[in-house]
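Trainee: In mature numbering (1 follows the signal peptide of the UniProt record, and there is no 0), the protein residues as written are -19 to -1, 1 to 193.
Here you go, one structure.
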Ligand SMILES: *[C@@H]1O[C@H](CO)[C@@H](O)[C@H](O)[C@H]1NC(C)=O
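Printed below as a string of structure tokens:
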């Protein structure tokens, strides 16, 4: 009797450990001091990459939402995005939560840790894309997007509590079964859309000029 009670106790403890909440990573969970520090460094990185503060026409980082953007006057920022302070911190945080989630899981933890390492090659082009960029300082970033690396490889489950399954079925997400051919086509089609709108703008400007 006593033994079975103990066994029951052990199994209920194990069950509650299994049921432990999966932690969910979001970069805004960082403390305000760390967010401010990251944002300072993010803006500095942008300015340095552009060739000075005056060259950085767009350099923002919102310390509340962590939305950031960088645009130079004469060039496209070319410092590897995965090394920028905010995206790098996003990867580190996701990796940490991935490991914590492994600890709260039952089963083969070493395989789980290996998966965290494989999907979080932070500060490399194999790091998961950080969806922290935004159009302007007021617009919050997406935060969550398909688990793909900067190189464009699908990474699978990042185990950071964010469900990306719903994103994978959406149409604007790259599908693993699609060839790079399809990808270049969609790039072309968005470029031609841009062209069309630019053409429309020119036409609109000409007609405005003619009207006056
Ligand atoms: C940061 O983003 C929030 C939410 O979009 C916005 O309310 C706030 O004004 C932004 N901060 C700055 C400094 O623009």
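All C-beta atoms in this analysis are idealised placements derived from N, C-alpha and C, irrespective of residue type, glycine included.
As the structure is a prediction and not an experimental result, all values here were calculated from the model.
Does DSSP put residue 100 in a helix, in a strand, or in coil?
Mentor: Note: residue 100 maps to helix in three-state DSSP.
Trainee: Measuring alpha carbon to alpha carbon, tell me which residue in 148, 76, 125, 28 is nearest residue 200.
Mentor: With the chain covering -19 to 193 only, the question about residue 200 has no answer from this structure.
Trainee: Going along the chain, which residues of its own chain have a beta-carbon closer than 8 angstroms to the beta-carbon of residue 169, five neighbours each way excluded?
Mentor: Model confidence at residue 169 stands at a pLDDT of 31, short of 50, so the residue's coordinates are unreliable; what they give is reported in the following sentence. No residues qualify anywhere along the chain.
Trainee: Under the rule that 16 or more other beta-carbon atoms within 10 Å means buried, what is residue 16, buried or exposed?
Mentor: By the 10 Å Cβ count, residue 16 comes out buried.
Trainee: Which residues have a Cβ closer than 7 angstroms to any heavy atom of ligand 1, listed in chain order?
Mentor: Every residue passing the under-7 angstroms Cβ criterion appears here: 43, 45, 46, 48, 118, 119, 120, 121.
Trainee: Please report the Cβ distance between residue 112 and residue 122, rounded to the nearest whole angstrom; I am assuming they are in contact, meaning their Cβ atoms lie under 8 angstroms.
Mentor: Right, their Cβ atoms sit about 6 angstroms apart.
Trainee: What are the start and end residues of the beta strand (DSSP E) that includes residue 108?
Mentor: It is not in any beta strand (DSSP E) - residue 108 carries neither H nor E in the DSSP assignment.
Trainee: According to DSSP, simplified to helix, strand and coil, what is residue 87?
Mentor: Three-state result, residue 87: coil.
Trainee: Does DSSP classify residue 37 as helix, strand or coil?
Mentor: In the structure shown, residue 37 sits in a strand (DSSP, three-state: E or B).
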